[in-house]
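Below: one structure, written as structure tokens.
Protein chains in written order, with our numbering: chain A, 4 to 314; chain B, 100 to 369.
Right under this line is the structure:
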């Protein structure tokens, strides 16, 4: 077991962080808004943590204090939330594919800005971000609580007045407005909440990855997050979490599968080198045959009923 | 109770008893005038019918009143307040609820959730209080659920609160939509063809339901309906629209005999 954690420490933490990021895409989607802006806020949060830990609190000898990481997360969350509000108010006037395009543009703009600013280290980025833990696996102490808190938050949200208003907008914006739900307010609220969470994840990731540059939180991340949500499921928060965990682990699992001796050589090399193809095919199949993703509210209900019967 | 001639829409007499005043409201889509300088006033507690041939502008008038469409001219007053051009959620806040001609429920959600959503403007809890489950938010949530359940009971759907809205039969969906509209605690309820797709027995039951909720909740009801017997024995007054114009207004017995109405429905018999 210990060797499993030692071998896959990086992967395990990445999986958990990916699950939280998937939730940042799910939040606006609850209100029916396809926004892929969260990689932008993720990148911003990372830069905030990187700058704070390397320039404002210069690292002393020994491990970097975890309390400062928590402070960075808080700052990243607040700044991302403020930017989310500023971007969300105009952007959420757009609908459907236009909102998606605008948020892609937002991510690109942030990337270009980061590439050209002095404080973000230009193309090189910021490296040597101090480590609060001796061992990568210990990042679980930050990642797992962050995931649990955000899952609890979204799970609770789905059963509140605000959550119902978001879902009503997704189902039928016009009818929701006629029932007294303010569409703009609730869309911006979901978007801003997503930005807050993405910023916090970015702050943890910057320490975890050790370097932060303009290749973090790009359009590639947007596509990955979309895959997490589309394959995992877009109608319950469990979907994106499972999607994030599983699809992050999938390339490694395929690599492991390729190492099995009995496989013919061509198949082994396909599993090893063709994982991006397999990934893409999965996304395509998933969206065609499971438009609401693999994990749907109906599936969860059936599972719940099965468990109740077993008891 | 005069029968307004088509040529003189004129300003309606604004009295303290008028809940909704439609004042020379006009709406154009491209070159088509869907609603042409229509004026009338609905008194507090009245059951007011709106009839007319297809394309007469009835639903457009509902959309204008509820803010889904902005009028090109004229004014709308509700409880004496000018509500012209307010967005739909602001109109709803002021106490106007509606149903839709082509049922617009939240199909993937349960019947209970559909009704609970419409408690939005009558409840207060915000994001933080709701998620943390603070005392006030929790009380409010329980109360919302109780009220929604009571409304499902009122329209006769209490036996299937967890069923998804789109799984209900058409007539049941219409009644669910009424329950959802009532959850807003409206003062004015707009029903857009509530009897469409119902059989004779269901239509009778619907008439009884409308009468009883109006009495019990002291509602004012504005009703679009094609099924003439329902309108005739339910409504206190009826307005008749044809090609966007108000051609008659008055109690059912008078409107029924009005020559312009006969002509609009039957052609000029040449």
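Note that the Cβ used here is the ideal one computed from N, Cα and C, for glycine as well.
Proximal residues of chain A, C-beta to C-beta of residue i below 7 Å
i: residue 220(B); result: 183
C-beta neighbour in chain A for residue i, strict 8 Å
i: residue 283(B); result: yes
i: residue 197(B); result: yes
i: residue 151(B); result: no
i: residue 145(B); result: no
i: residue 335(B); result: no
i: residue 133(B); result: no
i: residue 187(B); result: yes
i: residue 167(B); result: yes
i: residue 235(B); result: no
i: residue 316(B); result: no
i: residue 286(B); result: no
i: residue 292(B); result: no
i: residue 191(B); result: yes
i: residue 208(B); result: yes
Three-state class that DSSP yields for residue i in the structure shown
i: residue 325(B); result: coil
i: residue 140(B); result: strand
i: residue 95(B); result: This structure leaves residue 95(B) out entirely; chain B is present only between 100 and 369.
i: residue 264(A); result: coil
i: residue 95(A); result: coil
i: residue 182(B); result: coil
i: residue 111(B); result: Its pLDDT being 44, under 50, residue 111(B) is placed unreliably in this model, and the value from its coordinates should be taken loosely. Here residue 111(B) sits in coil by DSSP.
i: residue 332(B); result: helix
i: residue 118(B); result: strand
i: residue 123(B); result: strand
i: residue 129(A); result: strand
i: residue 162(B); result: helix
i: residue 222(B); result: coil
i: residue 319(B); result: strand
Span of the alpha helix (DSSP H) around residue i
i: residue 129(B); result: Looking at the DSSP string, residue 129(B) is not in any alpha helix (DSSP H), and its letter there is neither H nor E.
i: residue 229(B); result: 226-231
i: residue 177(B); result: Run containing residue 177(B): none in the alpha helix (DSSP H); it sits in the beta strand (DSSP E), 172-177.
i: residue 214(B); result: 210-216
i: residue 302(B); result: 299-315
i: residue 40(A); result: Taken as a continuous stretch (DSSP letters only), residue 40(A) belongs to no alpha helix (DSSP H), as it is neither H nor E.
i: residue 189(B); result: 187-192
Beta-carbon neighbours of residue i, restricted to chain B and to distances below 8 Å
i: residue 156(A); result: 230
i: residue 192(A); result: 226
Boundaries of the beta strand (DSSP E) in which residue i is found, first to last residue
i: residue 47(B); result: There is simply no residue 47(B) to check, as chain B begins at 100 and stops at 369 in what is shown.
i: residue 146(B); result: 146-150
i: residue 99(A); result: Careful: residue 99(A) lies outside any beta strand (DSSP E), inside the alpha helix (DSSP H) at 99-119.
i: residue 346(B); result: 344-349
i: residue 290(B); result: 287-291
Residue-chain proximity (residue i, chain B), Cβ-Cβ < 8 Å
i: residue 249(A); result: no
i: residue 10(A); result: no
i: residue 73(A); result: no
i: residue 163(A); result: yes
i: residue 167(A); result: yes
i: residue 34(A); result: no
Listed by chain order, chain A residues near residue i by CB distance under 8 Å
i: residue 205(B); result: 170, 171, 174, 175, 178, 179
i: residue 279(B); result: 182
i: residue 217(B); result: 182, 183
9 Å Cβ cut-off: residues of chain B touching residue i
i: residue 159(A); result: 229, 230, 231, 232
Under 9 Å from the C-beta of residue i: neighbouring residues of chain A
i: residue 212(B); result: 167, 170, 171
i: residue 245(B); result: Within 9 Å Cβ-Cβ: nothing; residue 245(B) doesn't reach chain A, min ~15 Å.
is_contact[residue i, chain E] using C-beta, thresh 8 Å
i: residue 320(B); result: You won't find chain E in this structure, because its protein chains are A and B.
Going residue by residue through the stretch 153-237 of chain A, where are the continuous alpha helix (DSSP H) segments of at least 4 residues, counting only ones entirely within it? 164-174, 176-181, 186-212, 222-235
Fully enclosed by the stretch 233-292 of chain B, which alpha helix (DSSP H) runs are 4 residues long or longer? 234-253, 269-281
With a floor of 4 residues, list each alpha helix (DSSP H) that falls wholly inside the stretch 240-311 of chain A, ordered by position along the chain. 241-261, 268-276, 278-292
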